[in-house]
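The structure appears below as structure tokens.
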Amino acid sequence: MTGIVALIGAGAMGGAIGARLVQTGTPLIVFDLDEEKMAALVALGAVAAGSAAAAARAATTVILSLNAPHIVRAAVFGPAGVAEGAAPGTLLIDMSSIDPDATKALAADAAACGLRWVDSPLSGGIPKAAKGELTLMQGGAEIDVTEAQRVLAQVASNQTRMGGTGAGQTTKLINQVLCGLGFLAVAEATALAEAAGVDVAMIPQALRGGRADSAILQEYMPRFASRDYRRTGRIDNMVKDLDGAADLARLTRTPMPLTTLCAEIHRMLTAAGLGGEDQAALMEFFKGPEKEKFA
266 MTGIVALIGA
276 GAMGGAIGAR
286 LVQTGTPLIV
296 FDLDEEKMAA
306 LVALGAVAAG
316 SAAAAARAAT
326 TVILSLNAPH
336 IVRAAVFGPA
346 GVAEGAAPGT
356 LLIDMSSIDP
366 DATKALAADA
376 AACGLRWVDS
386 PLSGGIPKAA
396 KGELTLMQGG
406 AEIDVTEAQR
416 VLAQVASNQT
426 RMGGTGAGQT
436 TKLINQVLCG
446 LGFLAVAEAT
456 ALAEAAGVDV
466 AMIPQALRGG
476 RADSAILQEY
486 MPRFASRDYR
496 RTGRIDNMVK
506 DLDGAADLAR
516 LTRTPMPLTT
526 LCAEIHRMLT
536 AAGLGGEDQA
546 ALMEFFKGPE
556 KEKFA
């Protein structure tokens, strides 16, 4: 048994994680500033808390699923925050995607309050959370990561400790570089296939098992082709992550020309009002006047 888990943040990703935990038998207390988001988990069997402090007070482990370092800091150290309610020694698992330096500062402040911290950002999105097949990259003390992995066993099929505090977030930035470029490459290839008159629906099967194959190709080329923009992620979140990778690149003096271009295309779409849309909306970048297709 993992004990009672508190979930702080029940947005799209936090909600999916919470739903999976409840459905697989984990006692869950949830807090979110948005009562409707909490209500969705309560309907599944979670218990709503009136504050982050109240949620942490009743739990042995706290999971954070938030969107930016300042939000994480407010949720943990602000008024009625986690640190106010959590017992000494409580494990905090941050599944948010934030930069490594912010993570190190948060973990140090948590330690000063007698709390333990593991950064555990994820890959796989809402569909993988629902199946319990998330990929988690983790940073923190080995004993704490081992405990976090037990808590998260029902939501993840691949958990890897990458090193000390912040190593998980660094690995997530690398993941996002690969994903961002992968989404853009598949969107561009879809546009070319459409213009050339190839049956786009056949391409994922035709390339399955070859060097060009990938999870992004298999999942997203059909979505790009059908303009299926149902949200499982957000373009503006990718901007945030690619900007984080750019910061790390500057710090390490690593040239990243393709990532820079990818970030700017995502930023253009955000500026055009598409920041809240799924990565599938990258096809809007390739939108142009209708032209005769080659046959």
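Numbering (this note's numbering), first residue to last: 266 to 560. C-beta atoms are modelled at their ideal positions from N, C-alpha and C, and glycine is treated no differently.
Check	Outcome
Host beta strand (DSSP E) of I500 (start-end)	Where I500 is concerned, there is no enclosing beta strand (DSSP E), although the alpha helix (DSSP H) it sits in stretches over I500 to T517.
Length of the line joining the Cα atoms of F489 and T455	7 Å
Residues bridged to S491 (per DSSP)	According to DSSP, which records beta bridges pairwise, S491 is partnered with nothing at all.
Buried or exposed (CB count within 10 angstroms, at least 16 for buried), E542	buried
Anticipated Cβ contact below 8 Å, L272 with I328, distance rounded	5 Å
Beta carbon of A284 nearer than 8 Å to that of L306	yes
Element boundaries [alpha helix (DSSP H), containing D366]	P365 to A377
Secondary structure of D409, DSSP reduced to three states	helix
Where I294 sits in the DSSP three-state scheme	strand
DSSP three-state assignment for R338, whether helix, strand or coil	helix
Close Cβ partners of V465 (< 7 Å) along its chain, the five nearest in sequence each way excluded	T455, A458, E459, M486 and A490
As assigned by DSSP and simplified to three states, the class of I530	helix
Span separating the alpha-carbon of R473 from that of L516	38 Å
I363 versus V442 - alpha carbon distance	14 Å
Whole-angstrom C-beta distance between L507 and A528, which should lie under 8 Å	4 Å
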